[in-house]
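S.K.: Mind looking over this structure? Questions follow.
Residue numbers (the numbering used here): 63 to 381.
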């Protein structure tokens, strides 16, 4: 089953609200009673509350071929983030959707370098087991008097890194990230013969030409090693597809050892601030990258292109 995690948009309001009405009665009816459920559906799951959260960019949805089947709401709480909601349709539970949603929430916390808090009804032992499996540990409630059980996920230690404009002598470092990322991402999608010509040496020569020619590249660096880079420029025509945005993300790669460190998010924000409309092309069979971009507001617009040289299908994402 293909699971797509993306930022919720206004058109998702009814589907998100349906999740509350589908999950709360069977989950909390016997544990807390009908009045508790009805009060929550009138407030916690009201159209007004959910619309405000969607507009604030606080809600991610999980989507399959059947439509929106799960959601998570994450918002600021002091110096941390708090996961206020995480629900999956009963028919889709135990399929990995909850894990994908909570992974997206963790990515938000990593990007901020903070912890992720959540609460659950103490009688809900299945929720407690789920959060324990996801690495959450009991913690003090953020305010007195709460009857819920609070747990915290501590952000993984992040290697120190910085970003800067690339210089001409960064060709080998950029090429190493580029080549290694392609091997890690596309080894199963491209024939073995591809790597006979796509070598680190060839990539380095190409990068030297680009940097000598003044191509603007932003790199992420850790311990004097380039671990990622990003390039954005004017929208391009790809095959028969004319650009639909003035700005385009040409390329963004981070070494897999630094995935989840926040480097990818910071590189993206550096070359394409969140309020800038843009487009990008991504391999259709690269689900991790697609989830990352979709969490940043990029959605498919239906354009598809097959790189005949690589026999690799790409789809266009826009925001």
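For glycine and all other residues, C-beta sits at the position ideal for the given N, C-alpha and C. All values reported here derive from a predicted model rather than from experimental measurement.
(1) Classify residue 347 as helix, strand or coil using the three-state DSSP reduction.
(2) Less than 7 Å between the CB of residue 250 and some heavy atom of the ligand ADP, yes or no?
(3) Is the beta carbon of residue 280 less than 8 Å from the beta carbon of residue 213?
(4) Starting from the Cα of residue 288, find the closest Cα among 172, 81, 222, 251 and give me that residue.
(5) What is the DSSP secondary structure of residue 363, counted as helix, strand or coil?
(6) Could you check whether the stretch 333-347 touches the stretch 358-369, counting it as contact only if at least three pairs of C-beta atoms, one from each stretch, sit closer than 8 Å?
(7) Spatial neighbours of residue 384 within its chain, please: CB distance less than 6 Å, with the 5 preceding and 5 following residues excluded, ordered by chain position.
(8) Suppose you measure from the CA of residue 276 to the CA of residue 230; what does that come to, to the nearest Å?
(9) Is residue 318 helix, strand or coil when you go by DSSP?
(10) Roughly how many whole angstroms lie between the Cα atoms of residue 127 and residue 65?
(11) In whole angstroms, what separates the C-alpha of residue 247 from that of residue 344?
(12) If you draw a straight line from the alpha carbon of residue 226 to that of residue 278, how long is it in whole angstroms?
(13) Give the range of the beta strand (DSSP E) segment to which residue 227 is assigned.
(14) Alpha carbons only, please: which of 172, 120, 140 is nearest the one belonging to residue 148?
(15) Mind checking who residue 168 pairs with in its DSSP beta bridge?
(16) Applying the criterion that 16 or more other CB atoms from any shown protein chain within 10 Å of the CB defines a buried residue, is residue 172 buried or exposed?
(17) Does the count of Cβ pairs from the stretch 158-165 and the stretch 199-212 closer than 8 Å reach three?
(18) Check the Cβ-Cβ distances between residue 230 and every residue of chain C, and say whether any is below 8 Å.
M.R.: With the given structure in hand:
(1) Here residue 347 refers to the residue found at position 285 when the chain shown is read from its first residue. In this structure, residue 347 counts as coil in the three-state DSSP scheme.
(2) In terms of ligand content, the structure shown is empty, and the ligand ADP therefore cannot be addressed.
(3) For the purposes of this step, residue 280 is taken as the residue at position 218 of the chain shown. For the purposes of this step, residue 213 is taken as the residue at position 151 of the chain shown. It is not a contact, given that the beta carbons lie outside the stated cut-off.
(4) In the chain shown, counting from the first residue as 1, residue 288 sits at position 226. Out of 172, 81, 222, 251, 222 has the C-alpha closest to the C-alpha of residue 288.
(5) The sequence position of residue 363 within the chain shown is 301, counting from 1. Residue 363 falls in the strand class under three-state DSSP.
(6) yes
(7) This structure cannot settle anything about residue 384, because the visible part of the chain is limited to 63 through 381.
(8) Start at 1 with the first residue of the chain shown, and residue 276 comes out as number 214. Start at 1 with the first residue of the chain shown, and residue 230 comes out as number 168. Going from the Cα of residue 276 to the Cα of residue 230 covers about 9 Å.
(9) Numbered from its first residue, the chain shown carries residue 318 at position 256. In this structure, DSSP gives residue 318 a helical state, which the three-state scheme calls helix.
(10) Within the chain shown, residue 127 is the residue found at index 65, counting from 1. Within the chain shown, residue 65 is the residue found at index 3, counting from 1. Going from the Cα of residue 127 to the Cα of residue 65 covers about 8 Å.
(11) Start at 1 with the first residue of the chain shown, and residue 247 comes out as number 185. Start at 1 with the first residue of the chain shown, and residue 344 comes out as number 282. The alpha-carbon atoms of residue 247 and residue 344 are separated by roughly 12 Å.
(12) On the chain shown, position 164 is the one that residue 226 refers to. On the chain shown, position 216 is the one that residue 278 refers to. Residue 226 and residue 278: Cα-Cα distance of roughly 11 Å.
(13) For the purposes of this step, residue 227 is taken as residue 165 along the chain shown, with counting starting at 1. Per DSSP, residue 227 belongs to the beta strand (DSSP E) from 224-227.
(14) As a working mapping, residue 148 is identified with position 86 in the chain shown. Considering only alpha carbons, the answer is 120.
(15) Residue mapping note: residue 168 aligns to position 106 of the chain shown, counting from 1. Note: residue 168 sits in no beta bridge, so no partner.
(16) The residue labelled residue 172 in the question sits at position 110 within the chain shown. It is buried - the Cβ of residue 172 has at least 16 other Cβ atoms within 10 Å.
(17) no
(18) Of the chains in the structure shown, none is chain C; there is only one protein chain.
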